[in-house]
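First residue of the sequence shown? That's 1 in full-length UniProt numbering, and the numbers climb one at a time after it.
Virtual Cβ for every residue (Gly too), placed ideally from N, Cα, C.
Nothing here was measured: the structure is a model prediction, and the numbers come from that model.
For reference, the structure is listed below as structure tokens.
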Amino acid sequence: MKKTILIIGSGFAGLRSAKTLSRRLKRFGFSDRYRILLVDKHAYHTYTPTLYEAATTSEEIADNMGLKDIVTFPVIESLKGSGVEFFRERIEKIDLKEKQVYTDAKMIIHYDFLVLALGAEVNYYDIAGLRENSLSLKEFSDALRIRYEIISAITDEKIHDYKIVIGGAGPTGIELALEMKLWLSNLPCLRRSGCAVTVTLIQSSERVLPGFSKRVGKRVLKIIQKKNIHLLTSHAITSVDKEKVYLDDGESVDYDVLIWTGGVKPNSLMSNLPEVNSYMQIYDNTAYGVGDGIRFLDESKKPAPKMARAAIEQGMVAALNIFEAIKVNEGYSLKEKFKAYKPWRYPYIIPVGGKRAYAVFGPIMISGVFGWLVKGLVELEYIISILPVYKAIRVWLKGFWIFMRNNKIKV
Ligand SMILES: Cc1cc2nc3c(=O)[nH]c(=O)nc-3n(C[C@H](O)[C@H](O)[C@H](O)COP(=O)(O)OP(=O)(O)OC[C@H]3O[C@@H](n4cnc5c(N)ncnc54)[C@H](O)[C@@H]3O)c2cc1C
């Protein structure tokens with residue numbers, strides 16, 4: 001019987017693990033002895049960097065299916081020809097000692113090697129009323145919900161002074177607030193006389209984009225001010241009810257739609273697991289943890305960044321290390337040469353509305369339309385890495401066309 005390599009989560013980290021392992025197994029002729037099983041609660045892989053654009057695309061430009069085609073990609077399409085099997089299941093429990101996981105359909109899956117790539121979930125920090133009254137932007141369905149809520153409210157002729165509040169001025173809050181401001185200026189509501197939309201961004205720390213370069217933070221701050229986004233820094237949200245957000249200085253802010261982008265935490269299935277070591281191992285050399293769901297500290301005790309590129313690298317490291325263990329099991333080598341994961345200063349891109357972005361590569365910053373072009377190329381490169389080239393180019397062009405038309409009059 002074939003041994004099972006089980007990978008849970010077909011996000012950035014899990015998909016990369018599956019693809020890397022499948023190539024290795026084929027190259028060394030081990031495919032007849034090992035099967036790779038990829039499991040996810042969704043049948044698709046989500047490209048999160050375009051979620052904010054999906055949330056702010058007019059319905060006449062793209063319907064839900066049109067958006068789904070360009071933001072999410074069917075996992076089986078990405079696995080074509082790889083030999084990796086895919087199951088759509090929600091995992092409920094993991095037993096590392098017994099080497100088995102349980103699905104919500106009461107199925108038990110046994111494994112010989114495991115990669116946990118379950119990602120993160122929204123962190124509400126136990127703020128009273130926040131979970132119940134806010135929208136989040138983590139999954140594709142969240143983007144559709146935001147767009148639906150905003151369009152329904154804004155087309156309501158009874159409302160004249162429309163208030164959107166975004167909690168959290170990290171990259172997601174910033175890109176969403178700036179894109180939304182542009183998008184809303186094109187919506188019918190603002191063509192009615194006496195109608196106004198206020199976008200308020202609330203951040204608990206002193207500055208926007210905490211943890212990112214101060215230089216970028218300052219530039220972004222200027223854009224926020226120029227676009228008339230109401231920014232409240234050094235203000236923590238203490239509680240929320242159906243109409244108001246309450247702040248730590250006793251003030252409150254009214255809202256019609258509240259979106260929370262203030263933080264994530266490891267997926268609850270992974271949060272109680274041990275810290276991963278530098279080989280991405282959680283439990284001897286059979287169970288590995290990768291991506292946003294892990295607890296990992298580098299040599300200087302800094303956590304790994306929660307970024308797609310970091311997740312992809314970790315997914316690859318786990319796959320290579322499982323392969324090292326397989327080589328020993330198969331008598332192909334005497335001792336594993338495990339590869340260590342070392343986080344570095346990953347490049348990042350902060351979109352600032354329409355066709356503008358800051359692309360930061362170490363000390364180099366590319367801004368404006370050029371930054372936005374870099375963003376497009378990074379997207380294309382990633383989609384090509386997971387889909388057949390012709391399909392990737394088609395999807396990318398479709399996305400480019402939709403988002404271009406959506407902000408046609410924004411530049
Ligand atoms: C709005 C937004 C924008 C972002 N923009 C950027 C960006 O521009 N650049 C960047 O580098 N990073 C960005 N990120 C961060 C990036 O998305 C994450 O770092 C990355 O997704 C982490 O990859 P992962 O594989 O750990 O998790 P994910 O990609 O989240 O994958 C986890 C997978 O696990 C599955 N899963 C979860 N629970 C279960 C379960 N119980 N059973 C079965 N399957 C389950 C999920 O369906 C999902 O497919 C963004 C994130 C968000 C939310």
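- Residue burial annotation: R131 is exposed, with fewer than 16 other C-beta atoms found within 10 angstroms of its C-beta.
- Per DSSP, reduced to three states, the secondary structure at M307 is coil, with no helix or strand assignment.
- Burial state of P303 is exposed, judged by a 10 Å Cβ sphere holding fewer than 16 other Cβ atoms.
- Listed in chain order, the non-local C-beta contacts of A18 below 6 Å within the same chain comprise I7, I36, L38 and V84, local neighbours out to five positions each way being set aside.
- Around the Cβ of Y125, a 10 Å sphere holds fewer than 16 other Cβ atoms; the residue is exposed.
- Looking at I164, E157 and R394, the one whose alpha-carbon comes closest to that of G194 is E157.
- Judged by DSSP in its simplified three-state form, Q281 adopts strand.
- The Cβ atoms of Y358 and G371 lie closer than 8 Å to each other.
- Contact check between the stretch 307-326 and the stretch 273-286: three or more CB pairs, one atom from each, fall below 8 Å, which counts as touching.
- It is roughly 11 Å from the alpha-carbon of P49 to the alpha-carbon of L137.
- Per DSSP, the continuous alpha helix (DSSP H) segment holding A143 begins and ends at F140 to I154.
- Going by C-alpha positions, A13 is about 38 Å away from N228.
- Counting of Cβ neighbours within 10 angstroms places H160 among the exposed residues, the total staying below 16.
- Taking the Cβ atoms as the reference, L269 lies roughly 32 Å from I150, outside the contact range of under 8 Å.
- The alpha-carbon of L380 is positioned some 20 Å away from that of M365.
- When DSSP reads this structure, T72 sits in a beta bridge with T46.
- For the options V395, I294 and L221, the alpha carbon positioned closest to that of I174 is the one of L221.
- Our two residues, L209 and A55, have alpha carbons roughly 21 Å apart in a direct line.
- DSSP places K244 in the strand class (E or B) of the three-state scheme.
- Burial state of L397 is exposed, judged by a 10 Å Cβ sphere holding fewer than 16 other Cβ atoms.
- Nearest C-alpha to A43 among S31, N272, L15 and G289: L15.
- Below 8 Å, enough C-beta pairs join the stretch 204-219 and the stretch 164-171 to call them touching: three or more.
- Your pair V165 and I202 checks out as a contact, with CB atoms roughly 7 Å apart and the cut at 8 Å.
- The three-state reading of DSSP puts T200 in strand, counting E and B together.
- Taken in chain order, the complete beta strand (DSSP E) segments of 3 or more residues contained in the stretch 323-396 are 348-351, 357-361 and 364-366.
- Collapsing the DSSP output to three states places P210 in coil.
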